[in-house]
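Worksheet for the structure shown next.
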Amino acid sequence: AFSLFDKDGDGQITTKELGTVMRSLGQNPSESELQDMINEVDADNNGTIDFPEFLTMMARKMKDTDSEEEIREAFKVFDRDNNGFISAAELRHVIPLHF
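Anchor point for the sequence shown: position 92 equals 92 in full-length UniProt numbering, and the numbering is continuous, going up by one each time.
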């Protein structure tokens, strides 16, 4: 999933990259909301999210998520052919090889 956010492949997620993905999921966060999301998990205070920080963000999001619709939307990111299943190929597409 990290590679979906890290559009330029530099190993860091910026507010711009985070915003792009959130808008594709139907959200419309402001720049300050995006910065707040990054600041919550930015352990090294460099203004971006690296992979370990991303895992922290996702773990927190899953704890906060109680909406079935949000879960369905997240599932759709993985289920690229919309058949209701996540195949090994689809999973490999969104999970980096080093994971």
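Note that CB positions come from ideal geometry on N, CA and C, so glycine has one too. These figures come from a predicted structure and were not determined experimentally.
With a cut-off of 8 Å on Cβ pairs, the segment 33 to 44 is not in contact with the segment 70 to 86, counting fewer than three such pairs. Residue D42 holds the alpha-carbon nearest to the alpha-carbon of E53 among F2, D42, S30 and F5. Boundaries of the alpha helix (DSSP H) harbouring Q35: E31 to V41, taken from the DSSP string. The Cβ atoms of F2 and F51 lie closer than 8 Å to each other.
In the displayed model, I49 falls within a strand according to three-state DSSP. Burial is judged here by how many other beta carbons sit within 10 angstroms of a residue's own beta carbon; L91 has fewer than 16 and is exposed.
DSSP places L18 in the uninterrupted alpha helix (DSSP H) bounded by T15 to S24.
Taken through DSSP and simplified to helix, strand or coil, R72 comes out as helix. Cβ neighbours of G26 within its own chain (closer than 8 Å, five residues either side excluded): E73.
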